[in-house]
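Down below is the structure, laid out as structure tokens.
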Amino acid sequence: MNFDDTPQEAEFRATARAWIGANAPKQYEDELRKSSLGRTQLKNANILEVAKAWQKKKADAGWACLHWPKEYGGRGASPIERVIWQQEEGPFGKLSHMFIIGHGMCGPTMMAFAREEHKRAYLPPLASGEKVWCQLFSEPAGGSDVAGLRTRAEKDGDDWVINGQKIWTSGAHYSDYGILLTRTDPTVPKHKGLTMFFLDMKSPGVEVRPIKQASGASDFNEVYFTNVRIPDHQRLGEVGDGWNVSLTTLMNERMSIGAGVSTGFPELFEYCSSLMLDDGPAIEDRAVRAKLANWAVKASGLRYTSMRAISALSKGERPGPENSIGKLVAGSMIQDVATYALDLQGAAGVVSGPEDAEVAGRFQAMLLRAPGTRVEGGTDEIMRNIIAERVLGLPGDIRVDKDLPFNKIPTKGRG
Amino acid sequence: MNFDFSDDQKQLRDQARKFLTEKCSPKAVRIVLDGKAPYDKALWKGLAEMGFLGVAIPEEFGGAGAGHLELCVIAEEMGRANAPVPFSSTVYLAAEALLIAGSDAQKKKWLPAIASGEAIGTLALFEGKGNPSPKNVKLTAANGVLNGVKKPVADGAIADFAVVAARTGSSGRENDISLFVVDLKGAGVEVKSLTNLDPTRGQAEISFKDCKAEPLGAAGDGWSILTQVLDRAAVLCAFEQVGGADRALEMGRDYALDRIAFGRQIGSFQAIKHMLADMYVSATLARSNSYYGAWALSTNAAELPEAAAAARISATQAFQHCAKNNIQVHGGMGFTWEFDCHMYYRRANATALGLGSLTYWEDQLIDRMRKKNAA
Chain Z
1 MNFDDTPQEA
11 EFRATARAWI
21 GANAPKQYED
31 ELRKSSLGRT
41 QLKNANILEV
51 AKAWQKKKAD
61 AGWACLHWPK
71 EYGGRGASPI
81 ERVIWQQEEG
91 PFGKLSHMFI
101 IGHGMCGPTM
111 MAFAREEHKR
121 AYLPPLASGE
131 KVWCQLFSEP
141 AGGSDVAGLR
151 TRAEKDGDDW
161 VINGQKIWTS
171 GAHYSDYGIL
181 LTRTDPTVPK
191 HKGLTMFFLD
201 MKSPGVEVRP
211 IKQASGASDF
221 NEVYFTNVRI
231 PDHQRLGEVG
241 DGWNVSLTTL
251 MNERMSIGAG
261 VSTGFPELFE
271 YCSSLMLDDG
281 PAIEDRAVRA
291 KLANWAVKAS
301 GLRYTSMRAI
311 SALSKGERPG
321 PENSIGKLVA
331 GSMIQDVATY
341 ALDLQGAAGV
351 VSGPEDAEVA
361 GRFQAMLLRA
371 PGTRVEGGTD
381 EIMRNIIAER
391 VLGLPGDIRV
401 DKDLPFNKIP
411 TKGRG
Chain W
1 MNFDFSDDQK
11 QLRDQARKFL
21 TEKCSPKAVR
31 IVLDGKAPYD
41 KALWKGLAEM
51 GFLGVAIPEE
61 FGGAGAGHLE
71 LCVIAEEMGR
81 ANAPVPFSST
91 VYLAAEALLI
101 AGSDAQKKKW
111 LPAIASGEAI
121 GTLALFEGKG
131 NPSPKNVKLT
141 AANGVLNGVK
151 KPVADGAIAD
161 FAVVAARTGS
171 SGRENDISLF
181 VVDLKGAGVE
191 VKSLTNLDPT
201 RGQAEISFKD
211 CKAEPLGAAG
221 DGWSILTQVL
231 DRAAVLCAFE
241 QVGGADRALE
251 MGRDYALDRI
261 AFGRQIGSFQ
271 AIKHMLADMY
281 VSATLARSNS
291 YYGAWALSTN
301 AAELPEAAAA
311 ARISATQAFQ
321 HCAKNNIQVH
331 GGMGFTWEFD
341 CHMYYRRANA
351 TALGLGSLTY
361 WEDQLIDRMR
371 KKNAA
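Respectively, the protein sequence lines represent chains Z and W. Per my numbering, the very first residue in the first sequence carries number 1; after that it's consecutive. Per my numbering, the very first residue in the second sequence carries number 1; after that it's consecutive.
Below you can see the structure in the form of structure tokens.
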């Protein structure tokens, strides 16, 4: 048992570290290090532009999407090399946030199902960040129940005509392309009538409307489709096989969101280390210490769980199911951590403006953003179902709509 | 990076599991649970023959000289089997104390006897309520004799010798405490068994009256040695807890698959599925924290104090969580003497206290994290 690199890994790490040291946008390092959930903007620069510039620089030197094949804009690196890169990239990795969906979900789906000429045309600019992609799955009528979606695709000559509405689409407002899951046959059971496409987000008939979130910010969108035409060669997988295609995407979503989840613990520990309460330093208060200790072991437990997965990668093995706990644990933990940080502030905790609030309002911003982390990319409840069914082998839920034709499934709860 | 046990160590785990499945069935555990024997003597002998008792004891002292990672994988299996033997007192506490502070003569006297299963050892630290603290040690040592009462002492009624914490000064500082080795079969020792939460591991009150004792380590070093012993035992014990948590989770999962109610497997109800998923989460966090503890223990890393406290907290929580919810999944049957669920519930809650309770270790963890940050 050890934490040492193999000689090849050490060599790769040294090369990566040297390149990052010479090329990363150091002027933002401190700010990126201090950014936390709900507080990810830069003060004097547009983070999207900084992120795109860093991604392009990496791509030009062969450091983008490391695990992708070279011909699609990657480096053909091993999974462990990708992890080493992420460790070395450190706070600059936060600049990859806007590319997570494209690199983590759309890219792998294109790689598995697109035609060769499309892969060669679309994947390299996706890797380099010159083109940004989004994922158009969720709908008002289909969140956790993705297969309940209603957006229609109807064949018209060599094209498909799309009508309907998507929701919760991260980054649609700055995306160039998207992968789109549609219903092509409403007369068969819901999982069987779906088909996947990719499309240009600038196509006529696509309208993006930002959603104002409970936090006040807008990361997600509604996307409306009115007679949008998509050529048949942009179909991914067979007609009616969209559900299986989407499983590839969703599996990758849970992998990429699960990696490096933030718990809020380092922020809280730092805060409590300097905070003075009425009768002394917070860190010397028994109740505070008990809370901190309980969160500390969750944070360290997640850290060493991912180390175990990385070790499996290092040995060329497939990681076990342990990593599926990451998002479930971190999501509710960061919410609890933020709530507690405010509790320690007493009445002053209500003030959230960066100029007037405690530690520039980072915990207030965290609190307001946190509910989203327990919903996006699979709700806590869906994650528990996945663990129960795929890890523990418990039976799937009884699905009353499984064998009904989609257009016979009830659409209203009451009345 | 290889943050995992080696293939040889995994093989040892399989071997230990096979051995314990055969020799330590729930039926065998129940003989001790029902008070028909103080511990499973045949199993203890078998563990010695397998080389498990001395796995981390150097060869020159009669052990296998393998190491602490090997001991961790065996500890996990002991916890999974709920083994009714004095393994933790003898191997994690007494043997570790001797390895850290024993003279050559002391090591030669006791370690081979531990490895061969001839001697059962324990640590006599507590004196009634309270967590490990120098100020809670009242038993005195003067002129080579001990006077005072220790309780609870794990496996005290069956132990041949004990490492005893005694007060040798009154400055109010840690160096008031010194350690001694006491032959419990000698004069001046009175032992009384105590009824306790987990009858598969006895607890005792031991009174020392002008009892002859041999110093272990230098005078005044007692607390510093004890702290090391407790840290090392915390990691080893965490593996027992991880093994127990896994077994409790498995029992709950199996019952949820077998039991039918409302015309379906109860494991198809989300209320049950989610409870089991949460058990898996805490068991996984505990396992990962314990692996880190194992690494720190086996390399004697500077991170050991922090890693040990984290492993202790995480594994204690996980075993308690899995053991209590295993009963909940079983419903009424889980609350019968006949079903095995309560054995794990008892063990989980007794183990949670033995090396100091959660309150103590939470406090220790934060102190140690602060020290690291200050360094």
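Ideal Cβ positions, reconstructed from N, Cα and C, are used throughout, including at glycine. Nothing here was measured: the structure is a model prediction, and the numbers come from that model.
Using a threshold of 8 Å, state whether the C-beta atoms of residue i and residue j are closer than that.
i                 : j                 : result
Phe92 of chain Z  : Ile20 of chain Z  : yes
Val376 of chain W : Ile31 of chain W  : No statement about residue 376 of chain W is possible, as the shown extent of chain W runs from 1 to 375 and does not include it.
Trp295 of chain Z : Phe220 of chain Z : no
Asp394 of chain W : Arg399 of chain Z : Because chain W is modelled from 1 through 375, residue 394 of chain W falls outside the range shown and cannot be assessed.
Phe180 of chain W : Ala157 of chain W : no
Leu93 of chain W  : Val229 of chain W : yes
Leu257 of chain W : His68 of chain W  : no
Arg13 of chain W  : Glu76 of chain W  : yes
Val153 of chain W : Leu216 of chain W : no
Ser262 of chain Z : Gly38 of chain Z  : no
Gln335 of chain Z : Arg362 of chain Z : no
Leu404 of chain Z : Pro231 of chain Z : no
Asn147 of chain W : Asp246 of chain W : no
Ile57 of chain W  : Leu111 of chain W : yes
Arg152 of chain Z : Glu88 of chain Z  : no
Taking residue i as the reference, which of the options has the closest Cα?
i                 : options                                : result
Ile225 of chain W : W:Arg80, W:Ala302, W:Glu174, W:Thr316  : W:Glu174
Ala318 of chain W : W:Lys45, W:Gly334, W:Phe239            : W:Phe239
Gly164 of chain Z : Z:Leu181, Z:Ser170, Z:Thr339, Z:Tyr28  : Z:Leu181
Asn385 of chain Z : W:Arg370, W:Ser268, W:Ser88, W:Arg368  : W:Ser268
Met251 of chain W : W:Ile266, W:Ala66, W:Val329            : W:Val329
Thr21 of chain W  : W:Gly46, W:Phe335, W:Asp4, W:Trp110    : W:Gly46
Ala378 of chain W : W:Ala119, W:Asn373, W:Gly172, W:Glu127 : As displayed, chain W neither begins before 1 nor continues past 375, which places residue 378 of chain W out of reach and without an answer.
Val145 of chain W : W:Gly186, W:Asp4, W:Ser6               : W:Gly186
Ala64 of chain Z  : Z:Ala127, Z:Glu9, Z:His173, Z:Asp241   : Z:Ala127
Thr187 of chain Z : Z:Gly240, Z:Glu29, Z:Asn44             : Z:Gly240
Ser273 of chain Z : Z:Ser306, Z:Leu247, Z:Leu199, Z:Ala341 : Z:Ala341
Met50 of chain W  : W:Ala64, W:Ala37, W:Glu60              : W:Ala64
Does residue i get closer than 8 Å to chain Z when you measure Cβ to Cβ?
i                 : result
Trp274 of chain W : Reading the sequence as shown, one finds His at residue 274 of chain W and not Trp. With 8 Å as the cut-off, His274 of chain W counts as an interface residue toward chain Z.
Cys341 of chain W : no
Phe3 of chain W   : yes
Glu362 of chain W : yes
Leu285 of chain W : yes
Gly267 of chain W : yes
Met369 of chain W : yes
Ile327 of chain W : no
Leu197 of chain W : no
Val91 of chain W  : no
Ala277 of chain W : yes
Does any residue of chain W bring its CB to less than 8 Å from the CB of residue i?
i                 : result
Thr263 of chain Z : no
Gly258 of chain Z : Note that Gly258 of chain Z has pLDDT 41, beneath the 50 cutoff, so the model's placement of it is unreliable and no number is given.
Ser382 of chain Z : The displayed chain sequence assigns Ile, not Ser, to residue 382 of chain Z. Judged by the 8 Å Cβ criterion, Ile382 of chain Z is not in contact with chain W.
Asn163 of chain Z : no
Ile310 of chain Z : yes
Met307 of chain Z : yes
Gly90 of chain Z  : no
Ser78 of chain Z  : no
| When the Cβ atoms of the region 194-203 of chain W are set against those of the region 105-116 of chain W, are three or more pairs found closer than 8 Å? | no
| message | Would you call the region 316-331 of chain Z in contact with the region 368-388 of chain Z, where contact means no fewer than 3 C-beta pairs closer than 8 Å? | response | Between the region 316-331 of chain Z and the region 368-388 of chain Z, the count of Cβ pairs shorter than 8 Å is three or higher; the stretches touch.
| said: Quick test of the definition: if touching needs 3 or more C-beta pairs under 8 Å, does the region 312-323 of chain Z touch the region 75-89 of chain Z? | reply: yes
| task | Determine which residues of the region 322-349 of chain Z have a Cβ less than 7 Å from any Cβ of chain W, and write them out in chain order. | result | Glu322, Ile325, Leu328, Val329
| task | Would you be able to state if there are at least three C-beta pairs under 8 Å between the region 101-121 of chain Z and the region 225-237 of chain Z? | result | yes
| contact_flag[the region 355-370 of chain Z, the region 276-290 of chain Z] where n(CB pairs < 8 Å) is 3 or more | no
| task | For the region 193-211 of chain Z and the region 221-228 of chain Z, state whether three or more C-beta atom pairs, one from each stretch, are separated by less than 8 Å. | result | yes
| the region 384-401 of chain Z: which residues have C-beta closer than 9 Å to a C-beta of chain W, in chain order? | Arg384, Asn385, Ile386, Ile387, Ala388, Glu389, Val391, Leu392, Gly393, Leu394, Pro395, Gly396, Asp397, Ile398
| message | Tell me which residues of the region 278-295 of chain Z have at least one Cβ-Cβ distance to chain W shorter than 8 Å, keeping chain order. | response | Ile283, Arg286, Arg289, Ala290, Leu292, Ala293, Asn294
| request: Specify whether the region 294-313 of chain W and the region 354-373 of chain W touch according to this definition: at least 3 beta carbon pairs, one from each stretch, less than 8 Å apart. | output: As far as the Cβ criterion goes, the region 294-313 of chain W touches the region 354-373 of chain W, which means the pair count is three or higher.
| task | Give the residues from the region 2-21 of chain Z that approach chain W closer than 7 Å (Cβ to any Cβ), ordered along the chain. | result | Asn2, Phe3, Asp4, Asp5
| task | Pull out every residue of the region 291-321 of chain W whose Cβ sits closer than 7 Å to any Cβ of chain Z, in chain order. | result | Tyr291, Tyr292, Ala294, Trp295, Ser298, Ala310, Ile313, Ser314
| field | Members of the region 104-131 of chain W that neighbour chain A once the beta carbon cut-off is set at 7 Å | value | Included in the structure are the protein chains Z and W, with no chain A among them.
| query | In the region 136-156 of chain Z, which residues sit with their C-beta less than 7 Å from some C-beta in chain W, listed in chain order? | reply | For the region 136-156 of chain Z, which is checked against every Cβ of chain W, not one residue is closer than 7 Å.
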